[in-house]
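Those protein sequence lines, which keep their order, are chains Y and D.
Residues in the first sequence are numbered consecutively from 1, following my numbering.
Residues in the second sequence are numbered consecutively from 108, following my numbering.
Ideal placement from N, C-alpha and C gives every residue a C-beta, glycine not left out.
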Amino acid sequence: DVVLTQSPATLSVTPGERISLSCRASESVDTYLHWYQQKPNESPRLLIKYASQSISGIPSRFSGSGSGTDFTLSINGVELEDLSIYYCQQGNSLPFTFGSGTKLEIK
Amino acid sequence: EVQLQESGPGLVKPSQSLSLTCSVTGYSITSNYWGWIRKFPGNKMEWMGYISYSGSTSYNPSLKSRISITRDTSKNQFFLQLNSVTTEDTATYYCARSTPFAYWGQGTLVTVSS
Numbered sequence: 001d002v003v004l005t006q007s008p009a010t011l012s013v014t015p016g017e018r019i020s021l022s023c024r025a026s027e028s029v030d031t032y033l034h035w036y037q038q039k040p041n042e043s044p045r046l047l048i049k050y051a052s053q054s055i056s057g058i059p060s061r062f063s064g065s066g067s068g069t070d071f072t073l074s075i076n077g078v079e080l081e082d083l084s085i086y087y088c089q090q091g092n093s094l095p096f097t098f099g100s101g102t103k104l105e106i107k
Numbered sequence: 108e109v110q111l112q113e114s115g116p117g118l119v120k121p122s123q124s125l126s127l128t129c130s131v132t133g134y135s136i137t138s139n140y141w142g143w144i145r146k147f148p149g150n151k152m153e154w155m156g157y158i159s160y161s162g163s164t165s166y167n168p169s170l171k172s173r174i175s176i177t178r179d180t181s182k183n184q185f186f187l188q189l190n191s192v193t194t195e196d197t198a199t200y201y202c203a204r205s206t207p208f209a210y211w212g213q214g215t216l217v218t219v220s221s
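Next up, the structure:
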């Protein structure tokens, strides 16, 4: 199975900051890497697909980059509503796998 | 608009079977892939398996022979059955359109306890 390692596990942020979340794969997943946001008591929401493709309705402050084994989710100007857990997921090979998540907290 | 909704018992006894239904509106399950994902206490997410537009299935090997995903195209529903559950199967279960998972159900908490 492809293991996805997300770092950091927790990130304390100040509103307005630009931040980057990392996701590393144990083997190449090409660009079959997707990012999700999950707020408490809600279902996950797809933020970025295929490493860098934007999703309709998602604020433009969210962006993704990377290919192969190293990926980054960036938030340009964190807002209070962004406090959530962020997961990466690979769809390159079965079984599909998720990272362990990065939790965004207010500093 | 594509909508998914899970339904089923919220409490299952150890060694019994867990059965959930996912009802889909706004899109036919005879197109695309439809999967089950669960989130454990502590936030770990696990993909369990999917059923395809043709009815073929793929399962996470971690679930070995305990899992079965089936469908009823006349009702636009697909189903999860997980056999021989233990307390470690306690989780919130989601159905979703695969992959990437752009559409999710609201999730249903299933507790395995005697």
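Residue environment, residue i, which counts as buried when at least 16 other CB atoms sit within 10 Å
| i | result |
| --- | --- |
| D/Arg204 | buried |
| Y/Phe98 | buried |
| Y/Ala9 | exposed |
Helix, strand or coil at residue i according to DSSP, with G and I counted as helix
| i | result |
| --- | --- |
| D/Asp179 | strand |
| D/Thr194 | helix |
| D/Ser169 | helix |
| Y/Glu27 | coil |
| D/Glu222 | Not covered by the structure: residue 222 of chain D. The range shown for chain D is 108 to 221. |
| Y/Gly70 | Correcting the residue identity first, residue 70 of chain Y is Asp in this sequence and not Gly. Three-state result, Y/Asp70: strand. |
| Y/Leu47 | strand |
| D/Pro118 | In the sequence as presented, Pro is not what sits at residue 118 of chain D; that position holds Leu. Residue state, collapsed to three classes: strand. |
| D/Leu125 | strand |
| Y/Glu81 | helix |
| D/Tyr201 | strand |
| Y/Gln37 | strand |
Below-8 Å beta-carbon distance, residue i vs any chain D residue
| i | result |
| --- | --- |
| Y/Ser43 | yes |
| Y/Leu94 | yes |
| Y/Ser100 | yes |
| Y/Thr72 | no |
Proximity test, Cβ basis, 8 Å: residue i and chain Y
| i | result |
| --- | --- |
| D/Gln165 | The sequence shown places Ser at residue 165 of chain D, rather than the Gln named in the question. It does; some Cβ of chain Y falls within 8 Å. |
| D/Phe186 | no |
| D/Thr206 | yes |
| D/Gln213 | yes |
| D/Ala198 | no |
| D/Asn150 | yes |
| D/Tyr140 | no |
| D/Trp154 | yes |
| D/Tyr160 | no |
For this session: Evaluate the contact criterion for the stretch 117-127 of chain D versus the stretch 178-192 of chain D: three or more CB pairs, one atom per stretch, below 8 Å.
Result: Contact holds: three or more Cβ-Cβ distances are below 8 Å.
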